[in-house]
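K.L.:
Take a look at the following structure, please.
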Amino acid sequence: ADGDQVPALVIGSGYGGSVAALRLAQAGVDVLVAEMGMSWTQPGSDGDIFCSVLKPDGRSYWLREKTDQPVGYFLGGSYNKDIDRYTGVLDSEKFSGIRVYQGRGVGGGSLVNGGMAVTPKQENFAAILPSVDAGEMYATYYPRANSALGVNTIDQAWFESAECYKFARVGRKHAERSGFGWTFVPNVYDFEYMKKEQANTVRRSALAGEVIYGNNAGKRSLDKTYLAAATGTGKVTIAAQHLVTAVTPSGGGYEVTIAQIDTKGNTTATKKVVAQRVFFAAGSVGTSKLLVAMKAQGHLRDLSDAVGQKWGNNGNVMVGRANHMWDGTGILQSSMPCLGIDNWADAGGPAFAEVAPFPAGLETYVSLYLAITKNPNRARFTFDSGTGKVDLNWQTSWNQSSIDAAKRIFDKINKKEGTIYRTDLFGVYKTWGDDFTYHPLGGCVLNEATDNYGRLHGYQGLYVIDGSLIPGNTSVNPFVTITALAERNIERIIAEDL
Ligand code: FDA
C-alpha cells in the first residue's frame, strides 16, 4: 500500500526476481515483489486460464488490438487476428530495429516460453562471463537452478515412436544426413504428463498447441516452482498489475513509485513505497529501460555509463524449410521443442538451432528452426527527453551475421535433401525471421554496470539480478543461465550485505 516501508523490493517476477524473492525470504527478509503483469490464476469464460495459439483472444497479447505472431504469415497472407485490448501474457515490444517478445505476468517469461532448459557447455559460459568462476557455476549453481526449476529429460524410447515428435525426428534425420551433430534438450515441461497427453488420458496442453500464450497444464512455470516456494515461506507478497515507474534515493533507502494498472493498462492508483534494498529483475529490457531513464532524469545520476550498454538478441533468427511430401512433419506436434542441432564448434559461424514445432493443426511439411548464433553486434538503450521514452539502437541489418551462420546449416541440408526455404512464414517472400527476438540479454552487464555480483555501482542497496547482466549472448537458450547466475549472486549478497 501507499507509504509502506519494506526491507526488500523486487521489480519483476521472472527468473531473476523469483530467485531473489525465494532466497531472501529463506534468509528471513520480508519481500515485496512488484509485477506489472497479471496473476494468471483465474479462468476466463471458456474455463481456461490461457488461450491457445490457434484461437487467440485478449489474453494473448499485452495491450494490443491485433495479434503479432512471431511466425505471422502463411501461404501469401498475414494470419494475425483482431483481439480485445487487455493486459495479456505476451508482449511484443517494438523498437526501431527489432521486436522483443517478453512474458508479462507473475512468472515472467516462464509463462510463455518453450521451456527449453539448456545448460551451456562450460567453455562457452566461461568465454561469455570471464569474471565468474565457471567451476563454481557448474559444481553448485547450475545444478541448484536445474533442480529448483524442475528440469526433466525426455524418455528417448518414447520419443522414437511418439506421433507428436515426428517433426523433431524429421529434423534430426535431415541434420544427421548432412553430417551435423544434434542433442536432446531438457525442458521444464513435465514429459510424463506429455506422454499421457499423447495417450489421450489427460487434458492436452503441449499437444493442444499451447505455448506462447501460456500453458493450461504440464508446464513447471515459475509460479509452480520458485514463486510457490517463495510465497510458501509467508514472507513474500506479490503485487500483480503493479508497474514500477521510478526509483530514487530516500533517507538510507529508496523511494519506489508504482502505478497500479487495470486490465486496459490504465493507472488506477499511484503508490510510493520506501525500500531498504531494491532488486531490478524486470528483464533485460525492463531493467535497462528503467535504469537508463533514472540516470538520464537525474534520479540515479551516479549510475555507471555502462548502464544501457551491450544489449544483444542472443543471435536469434528463425527459418522454415519446405520438405518433400514423404517428409511430413505431422498434424499433431508438441509445442515443446526437445532437440537441437549443435554447430557451435563451426568457427566460420557458430549456431545452435532448435528444431521448432509448427503446430498449425494440419500437415504443412514445414521444418521450422530457431537458431541461436554468435552475433557480435551489441546495441544500447538511450533516453529521449522529448518523448520521455527509452529506445534501443539495434538495426535489423545487424542480424545478417546470424543469417549467415544459420545458412551454414540449412543451405547444406537443403542441398542434400533437394529442398528449399519457405518464403511465406515471416512476410510475403521473406525467408528469414530476422526482425524479432525471444532472448533479450544485456543492458546492465555484470562486472561492468555492476560489481561481480550484481551490485549497481554508485548506489548501495541497488542490485540487478536478471538477464540484463549477461552481455548479449549465452550460446544456448538463456533461462537456466539467468537462474544459475541469480543463485550465485544472491547467495553472496545475503552473506555479505544483510
Ligand atoms: P523475465 O522477462 O522473465 O521477467 C521480467 C518480469 O518483470 C516480467 O514478468 C515483466 O512483466 C516484469 N516487469 C518488467 N518491467 C516492469 C516494471 N517496470 N515494473 C514491474 N514489473 C516489470 N528461454 C529459454 O531458456 N528456453 C526457452 O525455451 C525459451 N523460449 C522462449 C519463448 C518465448 C516466446 C519467449 C518470449 C522467451 C523465451 N525464452 C526462452 C526466453 C526466457 O523466457 C527469458 O530469457 C527469461 O524469461 C528472462 O528472464 P528474466 O528474469 O531476465 O526476465
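For reference, each letter of the sequence shown is one residue, going -11 to 486 in my numbering.
Just so it is clear, CB atoms sit at the ideal spot from N, CA and C, and this is done for glycine as well.
(1) Compute the distance between the beta-carbons of Gly318 and Phe155, then report whether it is under 8 Å.
(2) Between Met306 and Gly102, is the Cβ-Cβ spacing less than 8 Å?
(3) Rounded to whole angstroms, what's the CA-CA distance from Ala494 to Ala348? Just pull it up for me.
(4) Would you mind reading off the limits of the alpha helix (DSSP H) that contains Ala472?
(5) Distance, Cα to Cα, Leu210 vs Val94?
(6) Report yes or no: do three or more beta-carbon pairs, one from the segment 364 to 371 and one from the segment 277 to 295, lie closer than 8 Å?
(7) Under 8 Å: do the segment 122 to 136 and the segment 29 to 49 share three or more Cβ pairs, one atom per stretch?
(8) Just checking my contact of Leu288 with Tyr447 at CB under 8 Å: how many whole Å lie between their CB atoms?
(9) Three-state secondary structure (DSSP) at Arg443?
(10) Closest by CA to Arg396, which one among Ala339, Lys82, Ser48?
(11) Sorry if obvious, but does the Cβ on Glu23 come closer than 7 Å to a heavy atom of the ligand FDA?
(12) Who pairs with Ser209 in a beta bridge, going by DSSP?
(13) Closer than 8 Å by C-beta to Tyr353: which residues in its own chain qualify, once you throw out the five before and the five after it? Chain order, please.
(14) Pairing CB atoms from the segment 171 to 188 with CB atoms from the segment 134 to 147, are three or more of them under 8 Å?
(15) With burial defined as no fewer than 16 other Cβ atoms inside 10 Å of the residue's Cβ, what is the status of Ser272: buried or exposed?
(16) Return the CA-CA distance between Gln229 and Thr438, expressed in angstroms with no decimal places.
(17) Relative to the alpha-carbon of Trp299, which residue among Leu380, Lys403, Gly76 has its alpha-carbon at the smallest distance?
(18) Starting from the C-beta of Asp412, find all residues in its chain whose C-beta is less than 7 Å away, skip the five residues before and the five after it, and write them out in chain order.
(19) Hey, is Asn101 close to the ligand FDA, as in C-beta under 7 Å from one of its heavy atoms?
(20) Evaluate contact between the segment 67 to 85 and the segment 263 to 270, counting only Cβ atoms and requiring at least three cross-stretch pairs below 8 Å.
(21) Of all the options Gly303, Glu243, Arg92, which has the alpha carbon lying nearest to the alpha carbon of Ser385?
(22) Would you call the segment 249 to 266 and the segment 399 to 406 touching, i.e. three or more CB-CB distances under 8 Å?
(23) One question on the structure: do Asn461 and Ser119 come within less than 8 Å of each other, judged by their Cβ atoms?
(24) Quick check on Lys362: does DSSP put it in helix, strand or coil?
(25) Taking the beta strand (DSSP E) that Pro237 falls in, what are its first and last residues?
(26) Going by other Cβ atoms of all chains shown within 10 Å of its Cβ, with 16 needed for buried, is Val343 buried or exposed?
(27) Suppose you measure from the CA of Pro44 to the CA of Tyr74; what does that come to, to the nearest Å?
(28) Have a look at Val(-6), Phe83, Gly167, Leu327 and flag the residue whose alpha-carbon is nearest the alpha-carbon of Ser238.
(29) Can you give, in chain order, each stretch of the alpha helix (DSSP H) that sits fully within the segment 126 to 187 and has at least 4 residues?
(30) For Lys362, which of Asn465, Pro58, Pro345 has the nearest alpha-carbon?
(31) What does the alpha-carbon distance come out to for the pair Thr213 and Leu137?
(32) Would you mind sorting Gly110 into buried or exposed? The rule is 16 or more other CB atoms within 10 Å of its CB.
(33) With a threshold of 16 other CB atoms inside 10 Å of the CB of Asp56, please say whether the residue is buried or exposed.
(34) Alpha carbon to alpha carbon, how far is Glu475 from Gly0?
(35) Report yes if the C-beta distance between Leu10 and Ala218 is below 8 Å; otherwise report no.
(36) Whole angstroms are fine: how far does the CA of Tyr417 sit from the CA of Ser66?
P.N.:
With the given structure in hand:
(1) Here residue 318 refers to the residue found at position 330 of the sequence shown. Here residue 155 refers to the residue found at position 167 of the sequence shown. Taking 8 Å as the Cβ cut-off, Gly318 and Phe155 qualify as a contacting pair.
(2) As a first step, residue 306 must be located in the sequence shown, where it is residue number 318. As a first step, residue 102 must be located in the sequence shown, where it is residue number 114. No, they are not a contact pair.
(3) Only positions -11 to 486 of the chain appear in the structure, and residue 494 is not among them; the question remains open.
(4) By one-based count along the sequence shown, residue 472 stands at place 484. Ala472 -> alpha helix (DSSP H) spans 467 to 485.
(5) Position 222 of the sequence shown, counted from the first residue, corresponds to residue 210. Position 106 of the sequence shown, counted from the first residue, corresponds to residue 94. Those two C-alpha atoms are separated by around 8 Å.
(6) yes
(7) no
(8) Translated into positions along the sequence shown, residue 288 becomes position 300. Translated into positions along the sequence shown, residue 447 becomes position 459. At roughly 6 Å, the Cβ-Cβ gap stays under 8 Å, so Leu288 and Tyr447 are in contact.
(9) Start at 1 with the first residue of the sequence shown, and residue 443 comes out as number 455. Three-state DSSP puts Arg443 in a strand.
(10) Against the sequence shown, residue 396 aligns to sequence position 408. Closest option to Arg396, Cα to Cα, is Ala339.
(11) Indexing the sequence shown from 1 puts residue 23 at position 35. Yes.
(12) Position 221 of the sequence shown, counted from the first residue, corresponds to residue 209. BP columns for Ser209 are empty, so no partner.
(13) For the purposes of this step, residue 353 is identified with residue 365 of the sequence shown, where counting begins at 1. Excluding residues within five positions, the ones whose Cβ falls inside 8 Å are Ala310, Asn311, His312, Met313, Asp315, Gly316, Thr317.
(14) yes
(15) Position 284 of the sequence shown, counting from 1, holds the residue named residue 272. By the neighbour-count rule (16 or more Cβ atoms within 10 Å), Ser272 is buried.
(16) Within the sequence shown, numbered from 1, the residue matching residue 229 stands at position 241. Within the sequence shown, numbered from 1, the residue matching residue 438 stands at position 450. In a straight line, the C-alpha of Gln229 is about 28 Å away from that of Thr438.
(17) For this step, residue 299 is matched to residue 311 along the sequence shown. Checked all of Leu380, Lys403, Gly76; the closest Cα to Trp299 is Leu380.
(18) Reading the sequence shown from its first residue, position 424 is the one you call residue 412. Tyr61, Phe62, Leu63, Gly64.
(19) Mapped onto the sequence shown, residue 101 falls at position 113. Yes, the Cβ of Asn101 comes within 7 Å of a heavy atom of the ligand FDA.
(20) no
(21) Along the sequence shown, read from residue 1 onward, the residue named residue 385 stands at position 397. The residue with the shortest Cα to Cα distance from Ser385 is Gly303.
(22) no
(23) Here residue 461 is taken as the residue at index 473 of the sequence shown, counted from 1. Here residue 119 is taken as the residue at index 131 of the sequence shown, counted from 1. No. Outside cutoff.
(24) Translated into the one-based positions of the sequence shown, residue 362 becomes position 374. Looking at Lys362 - three-state DSSP - the assignment turns out to be coil, as it is neither helix nor strand.
(25) In the sequence shown, the residue the question calls residue 237 occupies position 249. That run of the beta strand (DSSP E) goes 230 to 238.
(26) Taking the sequence shown and counting its residues from 1, the one referred to as residue 343 is at position 355. Buried.
(27) To locate residue 44, count along the sequence shown from 1; it is residue 56. To locate residue 74, count along the sequence shown from 1; it is residue 86. Cα-Cα distance, rounded: 12 Å.
(28) Walking along the sequence shown from the start, residue 238 turns up at place 250. Residue Val(-6) is the option with its Cα nearest to Ser238.
(29) 130 to 137, 144 to 149, 154 to 165, 179 to 186
(30) In the sequence shown, counting from the first residue as 1, residue 362 sits at position 374. Of the listed residues, the one whose Cα sits closest to Lys362 is Asn465.
(31) Position 225 of the sequence shown holds residue 213. Position 149 of the sequence shown holds residue 137. C-alpha separation (whole angstroms): 6 Å.
(32) In the sequence shown, the residue the question calls residue 110 occupies position 122. Here residue 110 turns out to be Gln, not Gly, going by the sequence shown. By the neighbour-count rule (16 or more Cβ atoms within 10 Å), Gln110 is not buried but exposed.
(33) Here residue 56 is taken as the residue at index 68 of the sequence shown, counted from 1. With 16 or more other Cβ atoms within 10 Å, it is buried.
(34) For the purposes of this step, residue 475 is taken as the residue at position 487 of the sequence shown. For the purposes of this step, residue 0 is taken as the residue at position 12 of the sequence shown. In a straight line, the C-alpha of Glu475 is about 16 Å away from that of Gly0.
(35) As a position in the sequence shown, residue 10 is number 22, starting the count at 1. As a position in the sequence shown, residue 218 is number 230, starting the count at 1. The answer is yes: Cβ separation under 8 Å.
(36) The residue you call residue 66 lines up with position 78 of the sequence shown. The residue you call residue 417 lines up with position 429 of the sequence shown. Rounded to the nearest angstrom, the two C-alpha atoms are 12 Å apart.
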